[in-house]
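Residue numbers (our numbering), protein chains in the order written: chain A, -9 to 335; chain B, 278 to 565; chain C, 50 to 398; chain D, 50 to 398; chain E, 2 to 260.
Even for Gly, the Cβ is constructed at its ideal location relative to N, Cα and C.
Please read these numbers as outputs of a predicted model, since none were measured by experiment.
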Amino acid sequence: GESSNSSDGATAAAAEQLKPNADLSKQSLQVTVWDGYTPKELPEKAKEKLKVSEVKVGLHATNEEAMAKLTASGDSGIDVAFVSGQYAQALNEQGLLEPIHAELVPNLANLFPEASQLSYDKGNKYSVPYTWGTTGICYRSDLVKSVPTSWNDLLKPPAWADKKVTMMTTERWLALPALKSLGFSVNTDKDEEIAKAKELLLEAKPHLLAYDDTTFGEKLKSGEAVMVEAWDGWCPTTEKNIKFAVPKEGSDLWVDTMVIMKSSKNKEAAHALINYILDPEIHSWAAENINYKVPNKAAMERVKAPEGSLLGVKPAELLAGESIIDLGQASTKYTRLSSEVTAQS
Amino acid sequence: MKSEAKARPAPRVRGRRLGAFVFLSPGLTYLVVLLLVPLGLVLSYTVFQRGRFGGVVYEFTTENFTRLIDPLYLGVVGNSLRIAALTTLIALLIGYPTAYLIAQLPSKWKTLALVAVVLPFWTNFIIRVYAWIMLLSGPGLVNSALGKLGLGPYELLYHEGTIVTGLLYSYLPLMVLPLYSAIERLDPQLREASANLGASAFTTFRKVTLPLSVPGVMTGCLFVFVPSFGNFVIPEMLGGSKTIMVGNLIRDQFLKARDWPFGSTLALALIAVLVVLLIVQAWAARRA
Amino acid sequence: MLKIDGVTRSFGSVTALDDVSLQIEQGEFFALLGPSGCGKTTLLRIIAGFETPDSGRVTLDGEDLLSKSPNRRPISLMFQSYALFPHMTVAKNVAYGLERERLPRQEIKQRVGEVLETVGLSAHAGRKPAQLSGGQRQRVALARSIVKRPRLLLLDEPLSALDKKVRADMQLELKRLQHEVGITFVVVTHDQEEAMSLADRIAVFDTGRVRQVDAPVTLYERPRTPFVADFVGANNLFRGLSTGLDALRSEEFGMLAGTPLEELEADQPALLAVRPERVELADESSVRGMAGSVVDVSFYGGVSHVSVEVPGHPKPVLAAVQGAGTVRPGAKVKVRWNAEDAVIMADPQ
Amino acid sequence: MLKIDGVTRSFGSVTALDDVSLQIEQGEFFALLGPSGCGKTTLLRIIAGFETPDSGRVTLDGEDLLSKSPNRRPISLMFQSYALFPHMTVAKNVAYGLERERLPRQEIKQRVGEVLETVGLSAHAGRKPAQLSGGQRQRVALARSIVKRPRLLLLDEPLSALDKKVRADMQLELKRLQHEVGITFVVVTHDQEEAMSLADRIAVFDTGRVRQVDAPVTLYERPRTPFVADFVGANNLFRGLSTGLDALRSEEFGMLAGTPLEELEADQPALLAVRPERVELADESSVRGMAGSVVDVSFYGGVSHVSVEVPGHPKPVLAAVQGAGTVRPGAKVKVRWNAEDAVIMADPQ
Amino acid sequence: MRRSKLLYVPFWATYVFLYLPIVVLVVMSFNSGDSAYTYEGFSLKWYGELAGDERIRTGLVNTLIVAAGSTVIATVLGTLLAVGLARFTRSKTLDALALMPAVLPDLVLAIGLLVFYSAIQLTLGLYSVTLAHALFSMAFVAAVVRTRLTGADTSLEEASRDLGAGPVVTFMKVTLPQLTPGIIAGALLAFTLSLDEFVIAFFTIGNAEPTLPIVIYSMVRFGVTPKINALAAILLLVSFTAVIAGQRMTRIGESRAQD
Ligand SMILES: Nc1ncnc2c1ncn2[C@@H]1O[C@H](COP(=O)(O)OP(=O)(O)OP(=O)(O)O)[C@@H](O)[C@H]1O
Ligand SMILES: Nc1ncnc2c1ncn2[C@@H]1O[C@H](COP(=O)(O)OP(=O)(O)OP(=O)(O)O)[C@@H](O)[C@H]1O
Ligand SMILES: NCCCCNCCCN
Ligand SMILES: [Mg+2]
Ligand SMILES: [Mg+2]
């Protein structure tokens, strides 16, 4: 795991020769993904379609957890991993990723052109986008006295929302509302800017119900919270009275990607799986079932967006958001920020 | 003559050596490989640097320790200490009488009562913690019950108190079991002798049962204190991440910041705190 | 003072106490004597409150004892197995009961010092029970129960692990407590000499039942049942039929001289008991006496026991003689006794 | 057979055994006698292998014992505290040692049955130790150690919790084992009569040292040191100066008749010892004897002890008389004895 | 002996405290609605959903494998260690070492093992968790057994040696039975702790074979359905049954041993 010579990433290294006609039935696949992020029957279907000997799906709850697994040992046993863009970037810089052999993934052609111009991996050299979206304020239209339009509505909640607000604590998304409200970049590594953001976050803390990265939707539904910081897909806008707003100060563009591990012994099968997932029929499943937009033009065209869904948002709008990238050494500043904010009583 | 005198003690020592070897070597080997070597690695990481994308760069630095004495981190350690100590104290206060009574039940009930203490463990830690959210949250059962009485709703969740409740709930059985084991083996005649000498039930407890069960008390306190001190799931789930403990810090270094050296340094600090506590405890036990 | 009334206690199929009634007077030194397992400890434990009788009553000065919790009874029990607190020093063990009475520290210290002096353990005050020998532990247990000077002191085999000399000292001390402090004693002992020399009255138990309660001399010289005659001291027993006179008609030996304890009908099955020290060894040429041969001479220090095998009698006849004994095994002798030294009682069997 | 050579053992500042040497012969019945805490248990534990001497050697038939682990020594120890296995029944406890020898099941069963019969616990074979009375437990411990018929049997107070009758039966059984099976016994007892009647030889201990090793009668009648004279049996001791003849010159009483045990120089400090049963009570008008008054008459069953206070003597003079005793406290009497019944020995102090 | 009625207050408080949430869990598992908070009527539908959930099933199997494996290792090694420490050495250091895995927070063990497994480039799997669980369980077993050994009457072991039993037989026949309550308590503890262990498993398990706590963790994080409650209820039912069956068996065993 601890490779000190990581700075010259895998892209520079010569790509392994892969055989387009490899006998996939001798290969099996181990995938790690968020719970509920792929169709239940994906393993069987993929196994049948790709004629691989076995497809097993393991789960991780957060990017961090996936990172721990993937970086811990030389061979994690995982072939394909789903992680967010900046984590794919970090994995690549550690030399842990296999470059994507585009010739083995013809379905890349189905992607929006914008989807290959993402700042963490221009040209999809080592990652293939799976879903994308943004971060905003998810709220109960029946319980708010005024519709939130600014990150400040979350950071300095009015009296009626006091202690009925949640924010995310995964570090980059903890800082996001404050950074945006102050007009800074979400990728800033300037100490003064981060310090200002911290002040703002500390002011906000006493008015929070809790920090919550995963179950904020539940809290809204139950009415414990009236406004929460949320990723678009997890804002249950299909429910009555729940709405999503991107604050006027702007927000991010996040992308969840698929990557192939360099340690994989089943690289041909891994490419085949990614290609299979990019099939419009399969890929549209994600949009329809988990409410996240997919960067797949052909797939999105098939999707019938249910009422209240945010799936109608166009890629161009999304691209207005700032793409989060890995900050390398400077990312510890965000860990520290998160510690400082949560530790304060 | 001379050789005899020399030969005498040897075989007994050999017997003891053999016994020591048979009994001790399997466990000690296990401990060395899976505990000491890993801890050695962790320890060594404290003086190295974080790689740009995680991992360890084997270049000496004392920076990790400089960061450690930051009041921010010391404050979190203090917080954790306080929460864990409070949890342990409450666990002892309700766990002891429970263990004491279980030890005196007729043997049929004894097993049942004992098993009933561990049974909740057999569901699942996360589910059990979640059950508390169901009970205590804004629209949860307690508040709706109170609501029917025209009270509340109260903010029962996401405080330090909730964290203590969750820790207590999770680790109380770890207090009861060793206490039970220690109390159960006491000769009942000692309690009788004490009563006979005029001691009330409480005095007998204080003067006879309690001192003789001190090893169990020590073990129980340790078993509750330690997992409470290093916990990070409960502060997150029941504390709404508003109060964090050392566990959260360490977990974050390993999973979020991917700063293994600093994470190792925090872990070392946590170990150091426990070692100090253990020494104090051993000292107190010797004085008692 | 202490009244035990119809107390019964069973453990499963074992009846440890079977309708036991006893009355013990203020200031009395009362001994319980009986074979191993006859229920002595059980009785003490009931009085002290650690065992509940299945039925029966126990009162102290007319007040019901059974409803009182053990620590409220003015009674000290010395446990047969000592039950010393292993985590306390000797001094702490002894002080324990006094501390419960909230006596001033100074007084506790003084009384503990005195009693340790009495039991000869002053030098061991600071040791833990595990560092003591068996007899030393027993003395700590004794000290712990006497230091409280309770109204009623129950001692379960208090001196069984002690040598003769220490035992004699302890016996004197118990006597002193009885007289000076007026404590009432109930002592279990298997040592008959001890019971005889210390007790005002002795109750003889047999498998949960009281067989006889009497002063030592009466018990010894006038046992009322064969069990008591046999159990208390060594006794030579002869089976036969009563004659209504001062003699027993034995099938094997004809008429044997003895004194009936009570009016006996003629030809009733009866037993004659004669103590070894009342048996005289006579020359084989003597006229009176049963002929037999010496099979063993055991020296007991002070007296010797001579066993004489008498043809027709199942067990050798025992005779006690002063000193080391002059007869040798194999010698032919006659054994005999005077009518007033032997008792005749009804034989229930 | 068993040779103990210069064995010393200290616990901290306490010297439990101080250069003890003993030689015990094959088939002998050897008793250890001594005050509580003098080191008897410690010695047995060393022989059995549970305590290591600080120095000294122990050999069995010339073979070094100390280097053998306890389970390889052909020795059984009966523990003073019984050490019964609480989780096993009586029968299992007793069978334990035999099972270790891998005897056939049938034989084990039979031998366990026999020995339980012997100790009178056949009916209790299926019980756990916690369900037994004190004496019953002791008998289980005894049964457990004798059933193995080891070459050497060490018994630590084997009969202290038993009543006279059971004890007599057990004593007979031990004697039988000694004679029929040829086991060598080392028995600790505080019961002098027991030691006297059972033992071939007795070693008297005092605070870790052996004071005298002798046959019972010799020990009793010819104690070689004041300690032994005082410790073994009751004794009346008089202090004075030797005369070189058959008398002691006492400051208070003038010449006292007695027989010196060894050549004593004249005017050497000496002690005269006379047994109570050798003391005669004479009428106060008698010519010979010391005048005194009776202070106590204690009945011991068989004999009575009469205490006579003699002005000028620190302790009352004890006289043993047969039966219940005819003198009463307060009576004026004279005490006297014959020269051959009293021994005179050097007084080291 | 009589005991104070007052003692029953904390005694019952303990059980109420332990079981109140459990009762709630079970009741809510029969909820026909899908809210975790409001009971809307009786239904078994969540049990049906549970039955269809293969991840939970395999998670359960994995958990049982890990728990059983680690309990066996821990009970054997821990008991040996406790006896060895109590009888064959006076080393305080070894004492401390043996207790260390119980004294170190899970998290420290977890990162230690993570670092170690990663240094030896081990591919993680069920065995890596099993070994890890055995590590702390062993310390718990040793500690509980030790509590029984300290101050235990050594004369029993002496008596056994004296009757001809070697150290091994003495251990098996005398020490072990004396320790049995401690060993059972220790094994129970080990099994229980492993069943429920999350943190170490989280760091040391392979991605392919999650244990139940890991599965549940990833499920619960994204909101809870009564399916989880149904799972809890079934786990409880199974445990109760196992316990009662166990008791029956021992009672039958005992009554056989009587005659
Ligand atoms: N473990 C120990 N630690 C300290 N002192 C001890 C220990 N064991 C024995 N002693 C001391 O050594 C001395 C001899 O003890 P031992 O048990 O041999 O006596 P004993 O002759 O058997 O006495 P008793 O007849 O009372 O049983 C005693 O003074 C005792 O207090
Ligand atoms: N807890 C118990 N369970 C079953 N039986 C018991 C229990 N306690 C005592 N007994 C039985 O009750 C009877 C009386 O026991 P107790 O202890 O009173 O005898 P004891 O007269 O004190 O005898 P010893 O002189 O041997 O101490 C014995 O047969 C004993 O085995
Ligand atoms: N249920 C799927 C969860 C996916 C979370 N994605 C997080 C996106 C933020 N990078
Ligand atoms: Mg008794
Ligand atoms: Mg002794």
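query: Is any heavy atom of ligand 5 found at a distance shorter than 7 Å from the C-beta of D/Asp255?
result: Taking the fourth sequence and counting its residues from 1, the one referred to as residue 255 of chain D is at position 206. The beta carbon of D/Asp255 sits no closer than 7 Å to any heavy atom of ligand 5.
query: Does E/Gln259 get closer than 8 Å to chain A when you measure Cβ to Cβ?
result: The sequence position of residue 259 of chain E within the fifth sequence is 258, counting from 1. Below a pLDDT of 50, predicted positions are generally treated as unreliable, and E/Gln259, at 37, falls in that range; the measurement from the model is reported next regardless. Look at E/Gln259: its C-beta is not under 8 Å from any C-beta on chain A.
task: Could you list the residues in the stretch 91 to 118 of chain C with a C-beta less than 9 Å from some C-beta on chain B, going in chain order?
output: Result list: Arg94, Ala97, Gly98, Phe99, Ser118.
message: For D/Val196 and C/Ala65, I'd like the C-alpha separation in whole angstroms.
response: Walking along the fourth sequence from the start, residue 196 of chain D turns up at place 147. Walking along the third sequence from the start, residue 65 of chain C turns up at place 16. Between the alpha carbons of D/Val196 and C/Ala65 lies a distance of about 28 Å.
task: Measuring only between beta-carbons, confirm whether C/Ala369 sits less than 8 Å from chain D.
output: Here residue 369 of chain C refers to the residue found at position 320 when the third sequence is read from its first residue. Interface residue, yes.
query: Counting contacts by CB-CB distance shorter than 8 Å, is B/Gln381 in contact with chain C?
result: As a working mapping, residue 381 of chain B is identified with position 104 in the second sequence. Residue contact check for B/Gln381 against chain C: no CB pair falls below 8 Å.
message: Residues in the same chain with beta-carbon distance under 7 Å from B/Ala368, minus the five sequence neighbours each way, listed in chain order, please.
response: By one-based count along the second sequence, residue 368 of chain B stands at place 91. The answer, listed in chain order, is Leu445, Tyr448, Leu449, Met452, Val501.
message: Nearer than 7 Å: is that true of the beta carbon of C/Asp212 relative to any heavy atom of ligand 5?
response: Position 163 of the third sequence, counted from the start, is the residue given in the question as residue 212 of chain C. Not one heavy atom of ligand 5 sits closer than 7 Å to the Cβ of C/Asp212.
message: For B/Ala478, report the span of its alpha helix (DSSP H) as first-last.
response: For the purposes of this step, residue 478 of chain B is identified with residue 201 of the second sequence, where counting begins at 1. That run of the alpha helix (DSSP H) goes 478 to 481.
message: Can you tell me whether A/Met357 is buried or exposed? The criterion is at least 16 other CB atoms within 10 Å of its CB, across all chains shown.
response: No statement about residue 357 of chain A is possible, as the shown extent of chain A runs from -9 to 335 and does not include it.
- prompt: Is any heavy atom of ligand 2 found at a distance shorter than 7 Å from the C-beta of C/Thr57?
  reply: The residue given as residue 57 of chain C occupies position 8 in the third sequence. C/Thr57: no, Cβ never under 7 Å from ligand 2.
- prompt: What is the residue span of the alpha helix (DSSP H) that D/His354 lies within?
  reply: Working through the fourth sequence from its first residue, we reach residue 354 of chain D at position 305. Annotation: D/His354 is outside any alpha helix (DSSP H); the continuous beta strand (DSSP E) that includes it extends over 352 to 358.
message: For A/Trp163, count the other beta carbons within 10 Å of its own beta carbon; 16 or more makes it buried, fewer makes it exposed. Which is it?
response: Taking the first sequence and counting its residues from 1, one reaches residue 163 of chain A at position 173. Burial of A/Trp163 is indicated by the presence of at least 16 other C-beta atoms within 10 angstroms of its C-beta.
query: Among E/Phe117, E/Ile235, E/Gly126, which has the Cα closest to the Cα of B/Ser541?
result: Taking the second sequence and counting its residues from 1, one reaches residue 541 of chain B at position 264. When each option's Cα is compared against that of B/Ser541, the closest is E/Phe117.
field: C-alpha distance - E/Val104 paired with A/His197, whole-angstrom precision
entry: To locate residue 104 of chain E, count along the fifth sequence from 1; it is residue 103. To locate residue 197 of chain A, count along the first sequence from 1; it is residue 207. Roughly 37 Å separates the two Cα atoms.
message: Would D/Lys177 pass as an interface residue toward chain E - the criterion being a Cβ-Cβ separation below 8 Å?
response: Against the fourth sequence, residue 177 of chain D aligns to sequence position 128. Not an interface residue.
query: Between the stretch 200 to 211 of chain C and chain D, which residues of the former have a C-beta closer than 7 Å to a C-beta of the latter?
result: Result list: Glu206, Ser209, Ala210, Leu211.
message: Taking beta-carbon pairs under 8 Å, can you tell me which members of the stretch 111 to 127 of chain E lie near chain F?
response: Within the model displayed, chain F is absent; protein chains A, B, C, D and E are what it includes.
- request: Flag C/Asp205 as yes when its Cβ comes closer than 7 Å to any non-hydrogen atom of ligand 6, and as no otherwise.
  value: This structure does not include ligand 6; its bound ligands are ligand 1, ligand 2, ligand 3, ligand 4 and ligand 5.
message: I need the DSSP call for D/Asn285, collapsed to helix, strand or coil.
response: Taking the fourth sequence and counting its residues from 1, the one referred to as residue 285 of chain D is at position 236. Assignment of D/Asn285 by DSSP, reduced to helix, strand and coil, places it in the strand class.
query: How would you label B/Lys279, buried or exposed, when you count the other beta carbons within 10 angstroms and need 16 or more for buried?
result: For the purposes of this step, residue 279 of chain B is taken as residue 2 along the second sequence, with counting starting at 1. Reliability fails at B/Lys279, whose pLDDT of 35 lies under 50, so the model's placement of it is uncertain and the value that follows must be treated cautiously. Burial call: exposed.
query: Does at least one heavy atom of ligand 2 sit under 7 Å from the Cβ of C/Gln187?
result: Locating residue 187 of chain C in the third sequence gives position 138, counting from the first residue. Distances between the C-beta of C/Gln187 and the heavy atoms of ligand 2 are all 7 Å or more.
message: What residue range does the alpha helix (DSSP H) around E/Asp96 cover?
response: Within the fifth sequence, the letter at position 95 stands for residue 96 of chain E. Its alpha helix (DSSP H) spans residues 93 to 104.
- prompt: What's the C-alpha gap between C/Ser104 and E/Leu177?
  reply: Stepping through the third sequence from its first residue, residue 104 of chain C is reached at position 55. Stepping through the fifth sequence from its first residue, residue 177 of chain E is reached at position 176. A straight-line Cα-Cα distance of about 41 Å links C/Ser104 and E/Leu177.
field: Residue ranges of each beta strand (DSSP E) within the stretch 248 to 295 of chain D, 3 or longer
entry: With a minimum length of 3 residues, the unbroken runs of beta strand (DSSP E) contained wholly in the stretch 248 to 295 of chain D fall at 250 to 255, 258 to 263, 285 to 291.
message: What would DSSP say about C/Met50, mapped onto helix, strand or coil?
response: Position 1 of the third sequence holds residue 50 of chain C. Note: C/Met50 maps to coil in three-state DSSP.
message: For a test of the three-state rule: what should DSSP assign to E/Gln122, helix, strand or coil?
response: Taking the fifth sequence and counting its residues from 1, one reaches residue 122 of chain E at position 121. Correct three-state label for E/Gln122: coil.
- prompt: Near A/Leu40, which residues of its chain fall below 8 Å by C-beta distance, leaving aside the five closest residues on each side in sequence?
  reply: Start at 1 with the first residue of the first sequence, and residue 40 of chain A comes out as number 50. Contacts found: Leu14, Ala259, Ala262, Leu263, Tyr266.
task: Leaving aside the five residues before and after C/Leu202 along the sequence, list all residues of the same chain whose C-beta is less than 6 Å from its C-beta, in chain order.
output: Sequence index remark: in the third sequence, residue 202 of chain C carries index 153 (1-based). So the list reads Ser125, Ile232, Phe234, once near-sequence residues are dropped.
message: For a test of the three-state rule: what should DSSP assign to A/Lys135, helix, strand or coil?
response: In the first sequence, counting from the first residue as 1, residue 135 of chain A sits at position 145. Taken through DSSP and simplified to helix, strand or coil, A/Lys135 comes out as coil.
Cβ neighbour criterion (16 or more within 10 Å) applied to D/Thr238: For the purposes of this step, residue 238 of chain D is taken as residue 189 along the fourth sequence, with counting starting at 1. When all chains shown are included, D/Thr238 counts as buried.
query: Cα separation between A/Glu291 and E/Trp47?
result: For this step, residue 291 of chain A is matched to residue 301 along the first sequence. For this step, residue 47 of chain E is matched to residue 46 along the fifth sequence. Near 35 Å, if we compare the C-alpha coordinates of E/Trp47 and A/Glu291.
query: Under 7 Å from any heavy atom of ligand 2, does the C-beta of C/Thr90 make it?
result: Along the third sequence, one-based indexing puts residue 90 of chain C at 41. Within 7 Å of the C-beta of C/Thr90 there is at least one heavy atom belonging to ligand 2.
task: Output yes or no for whether 8 Å exceeds the beta carbon distance between C/Asp295 and C/Ala306.
output: In the third sequence, residue 295 of chain C corresponds to position 246, counting from 1. In the third sequence, residue 306 of chain C corresponds to position 257, counting from 1. Yes.
query: Listing by chain order, which chain C residues have their CB less than 8 Å from the CB of D/Phe60?
result: For the purposes of this step, residue 60 of chain D is identified with residue 11 of the fourth sequence, where counting begins at 1. Listed along chain C are Gln180, each with a C-beta nearer than 8 Å to that of D/Phe60.
message: Extract the residue ranges of the alpha helix (DSSP H) inside the stretch 293 to 381 of chain B, only unbroken runs of 4 or more that lie entirely within it.
response: Taking only runs of at least 4 residues, the alpha helix (DSSP H) segments lying wholly in the stretch 293 to 381 of chain B are 314 to 322, 340 to 345, 348 to 381.
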